[in-house]
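Following: one structure in structure tokens, then a few remarks.
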Amino acid sequence: MLKQFFQMEAASGIILFGATILSFLWVNSPYFLKPNAGNVVLHFIVNEGLMSVFFFLIGIELKRSFGQGQLRGEQLILPGICALLGMVIPALIYYGINISHENHVKGWAIPVATDIAFAIGILSLFGKRVPAVLKLFLLSLAIYDDLGAIIIIATFYSHAFTWLGMAWVALAIASLFILNRYAIQSLSLYLLFGGLLWVACLNAHIHPTISGCILALMLPNRPASGAISLQKIEQTLHPWVAYGIMPLFAFLNAGVSLTLFNWENLTDTLVLGIILGLFLGKQIGVMTGVGIVACWRRKLPRDTTWLRFYGIALLCGVGFTMSLFLGTLSFPNDSVYFAKVQLGVVIGSLLSGIMGALMLCVAFAKTSKERSRLV
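Pasting the structure below:
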């Protein structure tokens, strides 16, 4: 299961990279269409609709990982601490740089995210040289990262609640809870009330993507004849999300105009906050977590080295699609600010990805030399 997941995310990372290149070429072509009613609707369908499916998949992965997957016992500790510090420190760096800019501060969550598909895509370039423990660490950290993103979206990016809207949200969640409580095995019923929850969230000014995660967590996870299989749902959805939804999101949101690459924008505190949060904040946070756990256990996990962990820590700074998504929530309907978000995310992610790949090259080359000496 781990190998299959890793291979799919690696392939998805390559497709995402291709979608990003196409988006860049499209935005800088003479045929690029300025914002109009048509592509605003398309952005809404993808960013609020299809991304709900993405968060539904994340919810299923969380439910399976904590219930029966890789996140059990002591395996929770290292990636959990690294993920927490890898979110807190980038946010603090961004906030510190933008504390005097009231409009910029609301983008503090943008550098906290990690794009697992891109990170795994880069890691997969090293093939069999990557030990299973490092793959598991990166995947586990990403699961915690996704959980953190869900909490952030639910807590900080849902505004101006309406009591009537909240009542409908509560009713939809209560209906899903009753279905779960009585172990109803009809997936159609869950999807029906999940759809109603999406509409209720939208009307209550709660970001509707949260409905996808809530729906996933309400699905029954009890072995029974004809039961809903979380693994089957995950295996069915994963290719659609990895090869369809995320590349489409990247194509619509990742294109950066060449006109933005000027000194004024590159020194803008919003752009600098994102770049430094992703590139410096992530590596500092993750490596601090590794250091804390290593001091506590007095050793690193088997088949790992400080250089290998540092390479992984750098890859965690590839925020890309998740950072862009948080950017759309931080600065909704503001093309000027979002253009700066795009610039910061692309530069920060590129720096993290390139430096992470170079560091892993050094780490694996050093290990190979040490082995050859022993022989």
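Numbering-wise (the working numbering), the sequence shown opens with residue 185 and increments by one.
Every residue gets a Cβ at the ideal spot worked out from N, C-alpha and C, and that includes glycine.
Alpha-carbon to alpha-carbon, residue j and residue i
i    : j    : result
I398 : F238 : 12 Å
K446 : K524 : One point to set straight first is that residue 446 is Asn, not Lys, in the sequence displayed. Computed Cα separation, rounded: 11 Å.
M471 : I277 : 16 Å
P315 : G475 : 20 Å
I294 : L508 : 7 Å
W210 : A384 : 35 Å
G532 : F377 : 39 Å
G461 : I368 : 45 Å
L371 : I412 : 7 Å
L587 : A356 : It is not possible to answer for residue 587, since the shown part of the chain is limited to 185 through 559.
I242 : I199 : 19 Å
Y374 : E418 : 15 Å
A438 : M235 : 15 Å
G280 : G465 : 12 Å
A195 : L309 : 11 Å
I244 : V520 : 35 Å
M271 : G457 : 14 Å
G469 : A326 : 14 Å
G202 : L363 : 42 Å
F228 : H391 : 12 Å
G501 : E286 : 25 Å
W424 : A338 : 25 Å
Y341 : L513 : 6 Å
G540 : V546 : 10 Å
P263 : D330 : 12 Å
M402 : I261 : 26 Å
A426 : F302 : 11 Å
Residue i (DSSP reduced to helix, strand or coil)
i    : result
V530 : helix
S284 : coil
K524 : helix
Q369 : coil
F548 : helix
P485 : coil
S507 : helix
Y341 : coil
I390 : coil
L375 : helix
K563 : Residue 563 lies beyond the range of the chain shown here (185 to 559); nothing can be said about it.
W382 : helix
W292 : coil
M236 : According to the sequence displayed, residue 236 carries Ser and not Met. Three-state result, S236: helix.
L200 : helix
I327 : helix
L154 : Shown here, the chain extends from 185 to 559; a query on residue 154 therefore has no answer.
F228 : helix
F515 : coil
A541 : helix
E213 : First, the residue type needs correcting, since residue 213 is Ser and not Glu in the sequence shown. Reduced to three states, the DSSP call for S213 is coil.
V353 : helix
L322 : helix
N364 : helix
Assigned exposure category for residue i - 16 Cβ within 10 Å defines buried
i    : result
V225 : exposed
Y560 : Lying outside 185 to 559, the shown extent of the chain, residue 560 is not represented and no answer is given.
P431 : buried
Q467 : buried
G481 : One detail in the question is off: residue 481 reads as Arg in this sequence, not Gly. When all chains shown are included, R481 counts as exposed.
L381 : buried
W347 : exposed
R486 : exposed
C266 : buried
A354 : exposed
A221 : Its pLDDT being 45, under 50, A221 is placed unreliably in this model, and the coordinates cannot settle the point.
F463 : buried
S441 : exposed
F515 : buried
K483 : exposed
F548 : buried
T204 : buried
P214 : exposed
S409 : Summary for S409: the model assigns pLDDT 48, below 50, so the residue's position carries little reliability; its value from the coordinates is reported in the next sentence. That one is exposed.
N517 : exposed
S284 : exposed
Q415 : exposed
Whole-angstrom C-beta distance between residue j and residue i, which should lie under 8 Å
i    : j    : result
S207 : A434 : 6 Å
G305 : G197 : 2 Å
T298 : G428 : Contact doesn't hold; Cβ gap of about 21 Å is too wide.
A400 : W352 : Between W352 and A400 the Cβ distance is about 20 Å, and since that is not below 8 Å, they are no contact.
G473 : L320 : No, G473 and L320 are not in contact; Cβ-Cβ is about 15 Å, not under 8 Å.
### Query
What residue ranges within the region 422 to 501 form continuous alpha helix (DSSP H) runs of no fewer than 4 residues, ordered along the chain?
430 to 437, 447 to 450, 453 to 460, 466 to 481, 490 to 499
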